[in-house]
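Below is one structure; the comments refer to it alone.
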Amino acid sequence: MKDKSASGNDYTMCLTLNQKDIGYRGIWYYNQPSGDEYVYKYSGGLGTYCAKHRPFAVYRPEVDKTFFCYGGTPLDAYLKHSKEDLNGDQPFSRKREGFLLHMISYFDHKTGQVPQPTILLDKNTADAHDNPVISIDDDGYIWIFSTSHGLSRPSYIHRSKEPYNIDSFEQIDVTYRLNGEERPMDNFSYMQAWQLPNRGFINFVTRYKDPSDRTLFFITSSDGTKWSEWTRLAAIEKGHYQISTCSDQKAVTAFNYHPTPKGLNWRTNLYYLETPDFGHTWQNAAGEKVNIPLTTSDNNALVHDYASEGLKVYLKDIRLDPNGNPVILVITSKGYESGPENAPRTWTLLQWTGNGWNICPITTSDSNYDMGSLYLETDGTYRIIAPTETGPQAYNPGGEMAMWESHDQGYTWNYVKKLTQNSERNHTYARSPVNAHADFYALWADGNARQASQSLLYFCDKQGNVYQLPEEMDSDFAKPILINSD
């Protein structure tokens, strides 16, 4: 990995705020104006964006709380975007104070309440690619990884000063190994932070221009402060997006690739890698050795050749079944542009059977950026919570949130019910907590996908009852607002 420091840019050093907010509001964001009725390639309330950021929430039974983070924003900040801001990615994503705030909170399962959330820092941008992710170590300390969109902004890592306490965090000076030397680890993108008991952190991460536009890496740390060398996993043509998970036995990742010369809007194919020994060796689902980094599109980590079918691949979620076999959730479509022309956008499950990959279509929805979570439950039920139903801004990201179930390990699926309805704004990016508790099963935000808007935060329980996190609070604690129930 090249030594590229973000500390030389014109951003001020991170200000750790540790302030309380009066309520819960998500960041509104857009990407790539489209010049048509859909306005943007994708947009909306993206406080729990994106699929390549993982996780946003962790349940800890020791204190019976689900801790979560999100990309927040000051009250009415969405009204401060100029016409120029709303018509060009670069003006929108420039250095801008008072837009993207990194927020931390929890749901107390004993009391059914949430506290006023903690403002950790102002990321000095309105770009939701800089959203945080959360992890909790063996001792209960909460870690927040503040990511960056590319190389132009610094990244940060914070740790709570006390176990299971969100009131005060401190910035941690972290290093990684490069050619035997320790270097500051101050820039990373699309962080996926997994903490294993008695082992430490097992993280998947992306680095820009190293050498591909988006290059995939794997890193580990026993204590969160000193990190390993970055193991380069894949750098095929223009790069990749990945999603990952881990268990006590293995760490796994699934990813697409971005072909030359067109790049990320032509993302295609699906690949899979796993390591049974925390990054020392890598193999495919069949256990065959894979030589990394992958640099050609035709390799033995390939799950399915979607390029030959002319299909684009949008990653959603990945799980390991009770046998340790991967189960991957994606959407496939004909193109990146919004609208009916690129239909069908097919939610698809790809699962390793032990002998091969089984591919099962689930349903269709109307945006490549509809995003939800997959659950493999202890009774054998497979469940999906996702915005598969058309919302008020059709063909834009999100819609009405819905629940799907499978009782035959994902081969066939049943629509259970719509969780939201008659919404003013699209709901999207439903995120599952690590070790999810039945009373706090998915976290997401809403937002108008065609114009800057307020964005509220929601969660649902396993039965599909939906609660809104309070936008404004007049006390230290409040109960979420039930908006839809059985």
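So that you can map any letter, position 213 of the sequence shown is 250 in my numbering, and since no number is skipped, the others follow by simple counting. Quick reminder that beta carbons are idealized off the backbone N, C-alpha and C, glycines included.
Beta-carbon contacts of residue i that lie in its chain and below 8 Å, excluding the five residues immediately before and after
i: GLY186; result: It is worth fixing the name first, because residue 186 is His in this sequence and not Gly. Here the set comprises SER130, THR162, ASP164, HIS166, ASP167, SER226.
i: VAL327; result: LEU310, TRP319, GLN320, ASN321, ASN336, ASN337, ALA338
i: MET510; result: ILE59, GLY60, GLN153
i: SER334; result: ILE273, GLU274, TYR294, PRO296, ASN306, ALA344
i: VAL503; result: MET438, LEU456, THR457, TYR495, PHE496, CYS497, LEU519, ILE520, ASN521, SER522
Host alpha helix (DSSP H) of residue i (start-end)
i: TYR130; result: According to the sequence shown, residue 130 is Ser rather than Tyr. 126 to 130 is the span of the alpha helix (DSSP H), which, as asked, contains SER130.
Helix, strand or coil at residue i according to DSSP, with G and I counted as helix
i: ASP167; result: helix
i: ASP476; result: coil
i: LYS263; result: strand
i: LEU301; result: helix
i: SER460; result: coil
i: GLU378; result: helix
i: LEU506; result: coil
i: LYS39; result: Residue placement at LYS39 is poorly supported in this model, since its pLDDT is 45, which falls under 50; the coordinates are not used for a value here.
i: LYS117; result: helix
i: LEU112; result: coil
i: ASP176; result: coil
i: ASP498; result: coil
i: ILE253; result: At residue 253 the sequence reads Leu, which differs from the Ile that was named. Of the three classes helix, strand and coil, the one that applies to LEU253 here is strand, per DSSP.
i: ASP483; result: strand
i: ASN46; result: Model confidence at ASN46 stands at a pLDDT of 37, short of 50, so the residue's coordinates are unreliable and nothing is read from them.
i: CYS51; result: Note that CYS51 scores a pLDDT of 48, beneath 50, so its modelled location is shaky; the value from the coordinates is reported in the next line. Reduced to three states, the DSSP call for CYS51 is coil.
i: LEU137; result: coil
i: LYS516; result: coil
i: LEU493; result: coil
i: SER71; result: coil
i: THR184; result: coil
i: CYS87; result: coil
i: GLN208; result: strand
Residue environment, residue i, which counts as buried when at least 16 other CB atoms sit within 10 Å
i: THR305; result: buried
i: GLN56; result: exposed
i: PHE514; result: exposed
i: GLN16; result: Since the displayed the chain opens at 38 and closes at 523, residue 16 lies outside it and no answer follows.
i: LEU52; result: exposed
i: LEU387; result: buried
i: LEU348; result: buried
i: ASP445; result: exposed
i: ASP223; result: buried
i: PRO377; result: exposed
i: GLN573; result: Summary: the structure shown does not reach residue 573, with the chain confined to residues 38 through 523, and so no result is reported for it.
i: PRO98; result: exposed
i: LYS102; result: buried
i: PRO517; result: buried
i: LEU158; result: buried
i: HIS118; result: buried
i: GLY417; result: exposed
i: ASN240; result: buried
i: GLY436; result: buried
i: ALA323; result: exposed
Delimiting residues of the beta strand (DSSP E) encompassing residue i
i: SER189; result: Counting along the chain, SER189 falls outside any beta strand (DSSP E), and DSSP gives it neither H nor E.
i: ARG382; result: 382 to 389
i: LYS147; result: Note, LYS147: premise wrong, no beta strand (DSSP E); not H, not E.
i: PRO200; result: Premise fails: PRO200 is in no beta strand (DSSP E) and is neither H nor E.
i: PRO221; result: 218 to 221
i: ARG97; result: 94 to 97
i: ILE396; result: 394 to 402
i: ALA230; result: 226 to 233
i: THR155; result: 155 to 159
i: LYS78; result: 77 to 82
i: PRO248; result: Unbroken run through PRO248: none, as it is neither H nor E.
i: ILE280; result: 279 to 283
i: SER370; result: 363 to 370
i: LEU123; result: No beta strand (DSSP E) contains LEU123, which DSSP labels as neither H nor E.
i: ILE272; result: In the sequence as displayed, the identity of residue 272 is Ala instead of Ile. From DSSP, ALA272 is part of no beta strand (DSSP E); its letter is neither H nor E.
i: ARG214; result: 212 to 215
Nonlocal neighbours in the same chain, by C-beta distance under 7 Å from residue i, ignoring five residues either side
i: ALA475; result: ASP498, LYS499
i: THR49; result: With a pLDDT of only 41 at THR49, under 50, the local geometry of the prediction cannot be trusted, and the value read off the model is given with reservation. Hits under 7 Å: none found.
i: LYS198; result: SER205, PHE206, GLU207
i: LEU112; result: ARG62
Own chain partners of residue i with C-beta closer than 6 Å, once the 5 adjacent residues on each side are dropped
i: ASP47; result: At ASP47 the pLDDT is 36, less than 50, meaning the model places this residue with poor confidence; the figure from the coordinates comes in the next sentence. Cβ within range, chain order: n/a, list empty.
i: ASN395; result: GLN388
i: LEU411; result: ASP354, ARG356, LEU366, ILE421
i: PHE182; result: VAL170, ILE194, MET228, ALA230
i: LYS147; result: ASP101
i: PHE477; result: THR103, PHE144, PHE496
i: THR383; result: THR369, PRO398, THR401
Enumerate, from N- to C-terminal direction, the unbroken beta strand (DSSP E) stretches of 3 or more residues contained entirely within the region 404 to 473. 410 to 413, 419 to 426, 437 to 443, 451 to 455, 463 to 468
Along the chain, which unbroken stretches of the beta strand (DSSP E) at least 3 residues long are found entirely within the region 285 to 359? 288 to 294, 305 to 312, 339 to 341, 349 to 357
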